[in-house]
Structures are given as C-alpha cells and as structure tokens.
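Position one of the first sequence corresponds to residue -1 (my numbering), numbered consecutively onward.
Here a beta-carbon is modelled for each residue, glycine too, at the ideal position from N, C-alpha and C.
In this text, all values refer to a predicted model and were calculated from it rather than measured experimentally.
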Amino acid sequence: MSNRIDYEKVLNPAQLDAVMTTQGPVLVIAGAGSGKTRTLVYRVARLVELGVEPESVLLLTFTRRAAQEMLERAATLSDPRCRFVSGGTFHGIAFRVLRRHAEKLGFSNSFTIMDRADMEEVIHALLPELQMPKGSARFPKRSTLANILSKASNLEVTVETLMEEEYGQFLEFCPQMNRLLHLYRDYKRGHQLMDYDDLIIYFRGLLAANEEVRRELSQQYGHIMVDEYQDTNAIQADIVHQLAGAHRNIMVVGDDSQSIYSFRGANYRNMFEFPERFPEVKIIKLEENYRSTQPILDFTNAIMARASEKYTKCLYTRKSGGETPAVIDTRTEPEQALFVCRHVKETLAQGRALRDLAVLFRAAYHSFELELELTRQGIPYVKYGGFKFMESAHIKDFLAHLRAIVNRDDAVSWGRILRLVKNVGHGKSQAIFKWMKTTGAPPDQVGHWPGQTQKDSGLKTLSQVISSLMSHETDPKGAVELLLEYYLPVLRDQFDDYPRRQREIEQLIPMAGRYRRLRGFIDDLVLEPPTSSADMDPDRKTDVLTLSTVHSAKGLEWPFVYIIWLMEGRFPQARAYVNPQAVEEERRLLYVASTRAKERLILCYPGREGAASWGGPAWNNGGVSSFVAGLPREVVRYETEASPSFTSGRERPLDLSPTPPSELRPGDRVSHPAFGPGVVSKLIEGNKVEVLFRNFGRKLLHLGYTSLEKA
DNA sequence: CATCACGCTGTTTTT
DNA sequence: CAGCGTGATG
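The following block contains the structure:
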C-alpha cells in the first residue's frame, strides 16, 4: 500500500522542479545542506508513483550505504517497491556488467577484483624486474607507485605527464615507471585480475565498443540519477553519457565546492561540462540551506569567498539565531583531546545525547590521541574511515583461500595462502604457483607438488582443505565454517592477539549465510565491504559519539560538530609539497566538514608548536589556522588557551614528559595514543620497549617520542 | 626461511 | 618517530 505524497507541501520550488522534471537531462547544483538527498529520494518516489518500473531506475551513488539509505527512505515515505530500484556505486554496476561480458574483453568471467592492498602487493612483486641501478636515488615506495599508476589511468594521461605535474621529485624515474605500468598491465591480464580503476575503464570501453550491450543497458535503465557528481571523473562522465545518450533521462546532482576526490581523478568541472554533452539540459540550483544556522553559513561562505576558484553559490537559511563558530588553538595535541572531551561532557550535561555529536578530522590517525582520552573518560564512540576491516591481514589471508578457488589464476591469493604453510616462503610459493600453472594441476593438487620436502607437509593439509572447499561452491556459509577450522590454528600461531581477529573472522559466517554462491559472497566483500568493523556492530543504534574522517562524513549531519587537527604542518621536508591546487582542495575539505554542523561548530587545532612534533619547517598546504586567519569577528570567535572556557575546566595537570624506561617493567599495563591498551613484554637497552597491544599485537616503541602512559 | 640491526625518509582521503 | 628496504646471521 503506497502513501500519497503532497510534493508541494514538502519541497521548495526548486526541489519541486527537480522532482517533477522526470524527462530529459537535469543538472542540479546543490549547496551543502540544501536538501539534495531529499530531492533524490522524492524523485525516486515520484518515478515509481508515475508507474516507472523500480528496476529500470538507476541510482548511482558514492557508497553503497548512501544508495541503500535513500531507497529505504523512499520506500518508507511512499511505495515499498522503491526498494527494488537499482542502486549502487559506479564500481558495483561496472562489475556486474563486466562479469557478464568478460569474454568480450578477453577476460574469463572468473576474474577477481584487486583492492588497493592487492595492487600494492603486485607492484611490489614486479619491482625486481625493473632492474634499478644499485645505489641510485630513492625510488618511490609502493603506495606512491600505486597512487601514480592509479591517478594516471583515472585522469587518462601518461605517466610522464602526471609526474611532471605532480611528482616532480620522481621525474628521473619516468622510464622505470613506464616499464612498471606495462608489467603491471600484463600481470593483471595474465592472472585474471582487475583493479578498481580497470572496472571503470573496461566498463566504458565495453559500452563504447559494443552497441548491443549499450542498447541493452540503456533500455534496462530508462531513468538514471547520479549523486555527488562533482566527485566523478571524466571516465565516469563518459559512462553516464553512454548509458543515457539514447533516452536522455538523466539527472546529475552535485556541489562544486564539495569536490574532495581529486586524488581519484575527480574534477568538479565535470559538472560544468555536463551541459555540453546534454545541451537541452535543465539547470536547477538549490541554494537554500535547511541544515545549519546562519552563523555557520556565514563562516563557510567567508572561507569559500577566499577560494582562488569561484564557486557557484552562496548559502543562506531562514533559521534565525545560533552561535558564531569558535576556533581554538589548544597549543598541543593532548590538550586538544582534553578540550574536546570536556566540551563533550558539558554538552551532555546540557541535555544533549552523544549521538548528536561528531568529531571530524582529515586523516584517521588524527583522532588517536582523542580516542585514548575518550576511553580514559569512559565516553563511548564509533569511528568511520581510516582502517579498513577488509584490509586487515587476517581477513585478507582468510578470504584468499576462497578467492584462490574461484580464480585459480589469482597469483596474489595463492601467494598469500601458500606462504601461510609452515616452511613455505616467498621463493617456494612462487615455484608452486608456477608449477600449477604450467602443469594445469587443479587447486586441490598442491599437495602433489614435486619439489616438496618433509618440512612442508602442511601442503598436504592445504590440499585437503581446498578440495573440500571446492565442493562448497553453493554453500558459502559451510565453506567459511570449514575453512575456519583450518585457519584458526594458523591464526593462533601467527598473531598474539588472535582472539580479536578470530572474532572478526567469525563475523563472516552470518554474512556468508546471505549468499547462495561462494563467488557472489567474495565479490561483494571486495567491492562493497562493510566500511569498518564499526559497521558490523549490530548495536549501531546505541547512543555513541561519532568520530569520522571528513571523506567518510560526506552527506551526513550532526547538531554539534567538532573539527580537529586539519592538516597543520607535521612533516619537516614538506616544503616540497606546497601546491596551490592541494591547498584549494584542503579548503573544500574544511568546507565539507564545517557544513556538517546544524547548530554549533567548534574548530580546534594544536597550534604550531603542537603540530610540528619534532621541529623543522611546517608543512604548508593549509590547515585550520591558515584558512581562518584574519576572518572577521562577526564570522568566527577566536579562543586561546587563555580563555576562561578552556583553562578553568582543565581536569588535571598535563604531564607531557615521556615515561622513562626505568619506570616500566615487564607486565606493566600501558596505554598508547595510537595502539590503545597493552602490556609491556620486554625492555630493550636505551629507550626502547616492546609492548604487546591488545588490538595490534607486538610493537617495538621508542620512548621519549611516544606518549606511552602507565595505565 | 626467519629474525635482527641498520639506514633512510617523509600526506592524506576511498571505490 | 615508524615503516620499509637491505644485508647479515641463525
């Protein structure tokens, strides 16, 4: 039973226009908090109400979660059939299509997807083939190499061009980079692997080269909507054009000042090129903000007014009142953590719930110190962004077994699982894989590798496990349970903190239970994984504080928002990185963060002395202090450590001096800002100490530089 | 193959 | 600092 919606009552004129225009191309330029999501939700509802088949509506979003939430909302407020609308990410759609048409691209339909960690691993394995001259200047590390290759393919420029523009320090390695690019391409083809970038590129290629596929998809998706269009790149724009070129029922929604994904080749100019591709486009601007108070908007407008590129709009609200955002120099990082904790507690005392508050930051590690203090003070939180559940070693190792069966050419996974066998390392694993490939031995015959000795009898066990797993293709849950029996002893051997890791792996059992085929299960996990272990917590609805990277906070809002430590200088050699474009992206990042706040916005930064933790010139690509410096008092309130609201409430005197090793003994309980609670296992001469952390295993720490504390 | 000492060097965000 | 590569040793 569907509900009637009175659109004119719930939407403003611009939103209404966007919702009611259901034919032809539409570009919606929507400022932060202007009801962009609301507009998309109602438009989905409207289309279904008009009798459009839900399955023929395609909603492309940035994360799978965003799509699901929108469809759920549409279903709740109108017709439950909205849940059948096709929603997902570009990568998700691309993968589904490519799977069906893999052979047209010269791939087998058993190809597997590599995540970033896999990509880096392959690059790493290829490096010896580059034959680098010994003792030459430093070659970029593998994560940088992956960044360069990925960005070059996303921008569709040659590696040289990209390096000239953004990696001047590595220009001398251009020949090697080119060689690496080719090796990497060949490797992927040879092993039936695609990385994230390939999904998008091959998808476009398939559409361009194959009229039949293009027509079929265009017919299947008669109405297309794209959210966060400013974060798409030129290739994705081509895909949109191919899909909608025939019927032209395409709506893209975006905000040029929220473009913060240039590292993926995204460019907000895509938005302005849209009218060139669809000249009959209707352009709708949403400028009224429904989220924040006017003082918050004045602040964000003032920040963007200084941008070197001019953006399309100025936000206003009809909400009156509200307080001016505050900027606080907390001098040091630990003081910043104390300040936020104290402020949070005060806010709770005023009757607010923890779920109304969020702390946002640039990089996942920026919250380490705060997390420590929150834990000390017993304030519960969930964190989004940064650490990826799927990328932790134990999860990857575990799933590699399943991947190796599904795609027996997947050398990355085979390497992983073979190296887990006792006395098989880098060399032997490669020899075994090569043998399997040349003899065509099926996966469960690894135990019969002729080179084996008595020492690697573990191969026999692996063989048996693989053999039973192969008979569980239609029973993912059974396969996971079976593999668990084999893998748990390995895990126990390998990690000191196996109970936590075991628990995490066990969470895969119910997830696998939702799939009919093993392959579907592992594909989904790689491509659209739970964003963090917090996501898997069934009690998400509990009243907790949110910590999040700005990137992960996109599209969300909270009454109170704290922003901490936004790119102050920390890296001594950073002068090389001063880059006007990067500064502009940092500015937009601050804009995105600030516009998440509905009522109150507080920005903290740990000043220069707190930021440059071991001296040297500060990195100068921007940061809270540089963006707010000189803003007028009407727009921002400046507070320092001298202001009463900060100093008076300090809960205990700060002692920032490091713990001397003589005070620590094996067995002492300690706490570290990054790694959390742990126990001292060993003292090492000088100022080093080995700690066994509850969540991160064994780490060797240099005291004097880390704030390791006795707990 | 596994472990350890030593030297070097510097961003980060995510599908 | 801490992660990573290198080269030497068990």
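Check                                                                                                          : Outcome
Extent of the continuous alpha helix (DSSP H) run through PHE137                                               : No alpha helix (DSSP H) contains PHE137, which DSSP labels as neither H nor E.
First and last residue of the uninterrupted alpha helix (DSSP H) at ARG711                                     : With the chain running from -1 to 709 in the structure shown, residue 711 is simply not present.
Best match in GLU637, LEU506, VAL524, THR74 for proximity to LEU191 [C-alpha to C-alpha]                       : VAL524
7 Å CB neighbourhood of LEU295 in its chain, flanking five on each side removed                                : ASN287, LEU313, TYR314, THR315
According to DSSP, residues forming a beta bridge with PHE261                                                  : Paired residues: none, contrary to the question.
Complete alpha helix (DSSP H) runs within the segment 385 to 436 (minimum length 4 residues, chain order)      : 391 to 404, 409 to 417
Residue burial classification, SER306 (beta-carbon count within 10 angstroms, cutoff 16)                       : exposed
Backbone CA spacing between LYS22 and ARG598 [nearest angstrom]                                                : The question names Lys, but residue 22 in the sequence shown is Gly. One C-alpha to the other measures close to 40 Å.
Contact under 7 Å by Cβ, ALA150 with ILE121                                                                    : no
Rounded straight-line distance, which links the Cα of GLU127 to that of PRO508                                 : 43 Å
Assigned secondary structure, ASP193 (DSSP; H/G/I helix, E/B strand, else coil)                                : strand
For ALA115 and ARG663, the rounded distance between their alpha carbons                                        : 37 Å
Contact check, LEU241 vs VAL548, beta carbons under 7 Å                                                        : no
Euclidean distance between Cα positions of LEU629 and ALA30                                                    : 21 Å
Residues sharing a beta bridge with VAL24, DSSP                                                                : MET249, LYS280
8 Å contact criterion, which PHE88 and GLN292 should meet: CB distance rounded                                 : Rounded, the Cβ-Cβ distance is 36 Å, inconsistent with contact.
Span separating the alpha-carbon of ILE503 from that of PRO474                                                 : 14 Å
Cβ neighbours of GLN13 in the same chain (closer than 8 Å, five flanking residues each side left out)          : GLY33, ARG36, THR37, TYR40, LEU284
GLY567, buried or exposed, once every other Cβ within 10 Å from all chains shown has been counted against 16   : Residue confidence is low: GLY567 scores 48 on pLDDT, short of 50, so the model does not pin down where it sits. No coordinate-derived value is stated.
Coarse secondary structure for ARG724, derived from DSSP in three states                                       : As shown, the chain starts at -1 and ends at 709. That puts residue 724 outside it, with no answer to give.
Of the residues ALA391, PHE558, GLY518, ASP113, the one placed nearest TYR496, counting alpha carbons only     : ALA391
Per DSSP, cross-strand counterpart(s) of HIS221                                                                : VAL55
Among LEU368, ILE403, ARG360, VAL478, the one whose alpha carbon lies nearest that of ILE393                   : VAL478
contact_flag[the segment 392 to 408, the segment 424 to 441] where n(CB pairs < 8 Å) is 3 or more              : yes
Extent of the continuous alpha helix (DSSP H) run through ILE326                                               : No alpha helix (DSSP H) holds ILE326; the beta strand (DSSP E) holding it covers 324 to 327.
Closest residue to LEU204 among ARG94, HIS424, LEU75, GLY511 (Cα-Cα distance)                                  : ARG94
Segment contact flag, the segment 247 to 255 with the segment 220 to 227, C-beta cutoff 8 Å, min 3 pairs       : yes
Counted within 10 angstroms of its Cβ, other Cβ atoms place LYS680 as buried (16 or more) or exposed           : exposed
Cβ pair GLU584, ALA324 closer than 7 Å                                                                         : no
Simplified DSSP assignment, three categories, for TYR200                                                       : helix
Contact set for VAL17: own chain, Cβ-Cβ below 8 Å, skip 5 residues either direction                            : TYR5, LEU9, THR37, TYR40, ARG41, ARG44
Sequence-distant residues of the same chain with beta carbon closer than 7 Å to ASP442, five excluded per side : SER461, ILE464, SER465, MET468
Beta-bridge partners of GLU209, as assigned by DSSP                                                            : Answer is none; GLU209 lacks a bridge partner.
Segment limits, beta strand (DSSP E) that includes THR19                                                       : Here THR19 belongs to no beta strand (DSSP E), and DSSP marks it neither H nor E.
GLY263 and LEU147 closer than 7 Å at C-beta                                                                    : no
Sequence-distant residues of the same chain with beta carbon closer than 6 Å to MET175, five excluded per side : VAL157
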